[in-house]
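J.: Protein chains in written order, with our numbering: chain A, -11 to 319; chain B, 871 to 1093.
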Amino acid sequence: MAKYVLGIESSCDDTAVAVVTAQGEVLSSVIASQAEIHSQYGGVFPELAGRAHVQSILPAIDKALLDAGITHEDLEAIGVTRGPGLIGSLLVGLTSASGLGLGWDVPVIGVNHLRGHLRSADLEEQRVKYPAIILLVSGGHTFLAHMESATDIKLLGSTRDDSVGEAYDKVSRMLGLGYPGGPVVDRAAKQGQATIPFPRPMLHKGLEFSFSGLKSAVSRHLNALDEAPVVNDVAASFVEAAMEILLTKCRKALKKYPVKSLVVVGGVAASPQLREQAGELCTKMGVELCLPPLRWSTDNAAMIALATWDYLRLGHHPAPVPQLQLSISDF
Amino acid sequence: MSATEKISLSIESSALPYGVVLSAGSEILFDSTQHTELQTLKDAPALAKHAFKATGRKASDLKRIAINQGPGGTSAIRAGVAFANSLAYSLGIPIIAVNTFELLGAPATARYNCPTVVTVKSIKGNAYVGLYADGAVQQTLYGPMEETVRKALGEHTTWAVAGAHREQLITAFPEHTIYDTGYKFGLATDMVPMLPNLGSRELRFPQFVVPITEQSLMFKQGE
Ligand SMILES: [Zn+2]
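#1: Are the CB atoms of L879 (chain B) and L892 (chain B) nearer to each other than 7 Å?
#2: Counting only beta-carbon atoms, is V42 (chain A) nearer than 7 Å to chain B?
#3: Using C-beta distances below 6 Å, list every residue in its chain close to V5 (chain A), excluding the 5 sequence neighbours before and after it, in chain order.
#4: Give a single yes or no on whether D287 (chain A) has its beta carbon closer than 6 Å to a heavy atom of ligand 1.
#5: Does chain A have any CB closer than 7 Å to the CB of N955 (chain B)?
#6: Quick check on S84 (chain A) - is its C-beta less than 7 Å from some C-beta in chain B?
#7: Compare the Cα-Cα distances from V990 (chain B) to each of B:G962, B:N938, B:A1032, B:F1043 and report the closest residue.
#8: Residues of chain B with CB under 8 Å from G98 (chain A), in chain order?
#9: Applying the 10 Å Cβ sphere with the 16-neighbour rule, what's the burial state of S343 (chain A)?
#10: DSSP three-state call for A10 (chain A): helix, strand or coil?
#11: For A1042 (chain B) and V1019 (chain B), I'd like the C-alpha separation in whole angstroms.
#12: For D55 (chain A), which residues from the same chain have a beta carbon less than 6 Å from its beta carbon, with the 5 sequence-adjacent residues on both sides left out?
#13: Looking at chain A, is there any beta carbon in it that lies within less than 7 Å of the beta carbon of P941 (chain B)?
#14: Taking only three categories from DSSP, how would you classify R70 (chain A)?
#15: Is the beta carbon of I121 (chain A) less than 7 Å from the beta carbon of V256 (chain A)?
#16: Quick check: what's the CA-CA separation for Q1038 (chain B) versus L973 (chain B)?
#17: Could you check which residue in A:T271, A:Q11, A:P310, A:K243 has the C-alpha nearest to that of L79 (chain A)?
#18: With respect to the beta strand (DSSP E) encompassing P1014 (chain B), which residues constitute its N-terminal and C-terminal limits?
#19: If you measure from the beta carbon of L899 (chain B) to each beta carbon in chain A, is any gap under 7 Å?
#20: So that I know if they touch, is there some Cβ in chain A lying closer than 7 Å to that of A936 (chain B)?
#21: Could you tell me which whole alpha helix (DSSP H) segments of length 4 or greater appear in the region 31 to 116 of chain A?
#22: Thinking C-alpha only, which one of A:Q43, A:R70, A:H101 is nearest D287 (chain A)?
#23: So H905 (chain B) is in the beta strand (DSSP E); what residue range does that whole segment cover?
#24: Kindly list, in the order they appear in chain B, the residues whose Cβ is closer than 8 Å to that of S92 (chain A).
#25: What residues are listed by DSSP as bridge partners for R934 (chain B)?
#26: Return yes when at least one heavy atom of ligand 1 lies under 6 Å from the C-beta of G128 (chain A), else no.
#27: Just the chain A side, please: which residues come within less than 9 Å of D931 (chain B) by C-beta, in chain order?
#28: What are the start and end residues of the alpha helix (DSSP H) that includes I233 (chain A)?
#29: Using 8 Å as the cut-off, can you tell me whether the region 75 to 93 of chain A makes contact with the region 943 to 957 of chain B, which would need three or more C-beta pairs spanning the two stretches below that distance?
#30: Mapping DSSP to helix, strand and coil, what is I(-4) (chain A)?
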């Protein structure tokens, strides 16, 4: 009899629930987005996020089971994000999962959100050729990891301050382009010239990232202007700097570790500039570029469910209690 | 266990540590606040598991769940409500929301035989204020604490006080006759006698409980 994992993800501003098989087949994936609630604040407003999760989680759970055409009796386990994330948001997902587990008598596993991202590229089909270098670029995270296999993961470097997605959002706000910042800043950049020499913080320092200096440089540049900025040129200059940082680190990692593929996931993986430049880099380095569908790259519950199968296989059963500090090598 | 025995799980979630009570009819089978070793536990799921273990009951024995939907500590209530909602959903049983005003007001009014003012702290000197009288919550308001209590009281000059600002209110209304209930937080055990009268408030999925906070409709109406 086929068995399924119910995945629940509520670490930030979206409530997501999915049903996934051990092979990564996604039977259902429901995402209740709060983008509309948060757009007026130019970012995620934690107090509202927690409240919205309470209202959307049960309908999302019900719909995920219905869409998958299964009942709780078909569940092997429930996997729920235990961190990192916003505590108020995490708690809603964790306690909801605990309630289901208690009522249905199904084990509940607290999953490391970052492990979900790392496994996202293998949803629906086995895409990643291991060993692989994986770049996660989103509003919440920016890091590079080495994956010897699906479960043998080593962190190579992460951001010391802002994520690249945060930098996009903040620059977008400075330029009056709206939230979320990624698509609008990329679009503006396409129409501009990278005429401003913004800094590339930590460019030559190992595999770690830093984006707050770049963001501040954009702010200083705008404040020093006597006239209205050429928005497209500022965007183009910012994107060029951000891409150079990301791609330089990828090249370094690929040079240092002989791998079969480079995997790029996270919301910023939607950036046409990043997709294009990563493609050029991979051709040059002779590795395969793996760009999974964006719906699995941004926060979703299917990736949490797929990661849950790893926990089950290895016998790791962390309790569904919040843990705000987690590294990608942590189970 | 008799066939008519209604096993209920009641959760007081407005402040930590949570109070989790398992009852059969009017009989209390388990009260987490009576177990000192459980006072450090901060999650309702763990307390509920203790309740089942200690009494030899199972979650599937439950016939209904009662939960305090607030107002009170926002994240504690949210986590408690989310747990209660999903447990009720998973078992296909009804859930009943009780609010902090009736939870403190009902026992106080029964004891002092007069209206009860219940206040809950909020941010910036504001408070949630409820007036409980004649077996029901009569007023729910939100605003600057003393001013809002005055508004909620109307003509009443003899009343009992429960909640966060008891001493402050006794000092602020020297011309009134005020009984200090000593009740600071609600008790899950006080939910048990309320349940038989709350049948009409049973919710079943797709309905579920939503926490009471400043943004809720309840307080928009009071503003
Ligand atoms: Zn994420």
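We put the CB at the ideal spot given by N, CA and C, even for glycine. This structure is a prediction, so every number in the text was calculated from the model and none was measured.
T.: Reading from the atomic positions:
#1: Yes, the Cβ-Cβ distance between L879 (chain B) and L892 (chain B) is below 7 Å.
#2: Contact of V42 (chain A) with chain B is assigned, a C-beta pair being separated by under 7 Å.
#3: Cβ neighbours of V5 (chain A) beyond the five flanking positions: I(-4), V18, A48, I49, A52, A289.
#4: yes
#5: So, interface residue.
#6: yes
#7: B:A1032
#8: Under the 8 Å cutoff, chain B gives no residues; its nearest Cβ is about 12 Å from G98 (chain A).
#9: The displayed coordinates of chain A run from -11 to 319. Any statement about residue 343 (chain A) would go beyond what the structure contains.
#10: Three-state DSSP puts A10 (chain A) in coil, outside helix and strand.
#11: 10 Å
#12: S16
#13: no
#14: strand
#15: no
#16: 21 Å
#17: A:P310
#18: 1006 to 1014 is the extent of the beta strand (DSSP E) around P1014 (chain B).
#19: no
#20: no
#21: 34 to 56, 75 to 92, 101 to 107
#22: A:H101
#23: H905 (chain B) -> no beta strand (DSSP E), and no H or E assigned at all.
#24: It should be pointed out that residue 92 (chain A) corresponds to Trp in this sequence rather than to Ser. Residues of chain B passing the Cβ test: S960.
#25: B:S878
#26: yes
#27: Ordered by position in chain A, no residue passes the 9 Å Cβ test against D931 (chain B), which lies about 11 Å from the chain.
#28: 219 to 244
#29: yes
#30: strand
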